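In this note's numbering, the protein residues as written are 243 to 533. Every residue, glycine too, gets a C-beta built ideally from N, C-alpha and C. Treat the numbers as computed from the prediction; the structure is a model and nothing was measured.
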Ligand code: PXL
């Protein structure tokens, strides 16, 4: 038999000592979906289910060195970028990727924790928008993040569409605006390409406080499906299904005294491998188009 190779992804993100979000969520998610997860840690956060008590950034040169070390040897086929605390680290990430052929990059524009702590240094926002956004294949802001990127209030579905057109000035590629912050029972996430609405993904809100890390989990799952070779709309559709099930399967379980994690490991699959050098899977999924 010829040589086998795992399907591999790299997450560049902050550590959540509580284990529900950040790099821990990313590694659990990618692993649960059968994808080998490499990681570059950008910051160490001190937190549990009750909140964040401290944030320590990793030196930018060390962020860059981790990425280069993984890229030069392990050769992931998709990247997820989550929390990046300061502008120098953002520039270090862009610099690291300048050495390689373009890969699918999912950028989760993490700015504040769900409990309100700053996960991005004051003044780093413009750098995120002007240097990190342009290298992403897909950007996945929630409503407040989309509002900040677009420089406008986003309070309804029409505002999301208007914000998407503005954000396309910084990145003409794919954009998934997550509508969870609109307080509706039916959640709607909207996928755009170059500011144009491409697909609408609906789902019913699960009544639970165990939603810590859902944004991290979604972007990591998208990166995992991109690593398998799916296109962006298919990867988003599959990743949303995974997150919805992970929320439902962890909705009634107590982890700590605060906001608990989703159940990443409700149905883990074995690590996938392919013949080394063989093309990735190209199976396509139907996704709901705009109605
Ligand atoms: O908000 C997403 C997020 C990203 N990164 C880290 C986190 C969280 C949420 O708490 O802890 C490290």
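Could you tell me the boundaries of the alpha helix (DSSP H) in which residue i lies?
{"i": "residue 482", "result": "474–492"}
{"i": "residue 418", "result": "Careful: residue 418 lies outside any alpha helix (DSSP H), inside the beta strand (DSSP E) at 416–419."}
{"i": "residue 402", "result": "399–409"}
{"i": "residue 391", "result": "385–392"}
Would you kindly report the start and end of the unbroken beta strand (DSSP E) that includes residue i?
{"i": "residue 515", "result": "515–517"}
{"i": "residue 432", "result": "428–435"}
{"i": "residue 438", "result": "438–446"}
Report back the beta-carbon spacing between residue i and residue j to the nearest angstrom; my notes put them in contact at under 8 Å.
{"i": "residue 504", "j": "residue 453", "result": "7 Å"}
{"i": "residue 478", "j": "residue 464", "result": "6 Å"}
{"i": "residue 250", "j": "residue 316", "result": "6 Å"}
{"i": "residue 485", "j": "residue 459", "result": "5 Å"}
{"i": "residue 395", "j": "residue 403", "result": "Actually they do not touch by this definition, with Cβ atoms about 14 Å apart."}
{"i": "residue 391", "j": "residue 323", "result": "That pair is no contact at about 15 Å."}
{"i": "residue 377", "j": "residue 336", "result": "6 Å"}
{"i": "residue 437", "j": "residue 429", "result": "22 Å between Cβ atoms; not a contact."}
{"i": "residue 518", "j": "residue 245", "result": "4 Å"}
{"i": "residue 512", "j": "residue 276", "result": "6 Å"}
DSSP beta-bridge partners for residue i?
{"i": "residue 503", "result": "454"}
{"i": "residue 283", "result": "255"}
{"i": "residue 288", "result": "296"}
{"i": "residue 381", "result": "349, 417"}
- Enumerated in chain order, which unbroken segments of the alpha helix (DSSP H) with a length of 4 residues or greater are wholly contained in the region 243–280? Segments of the alpha helix (DSSP H) lying fully in the region 243–280: 264–274.
- Enumerated in chain order, which unbroken segments of the beta strand (DSSP E) with a length of 3 residues or greater are wholly contained in the region 293–364? 293–299, 320–323, 347–349
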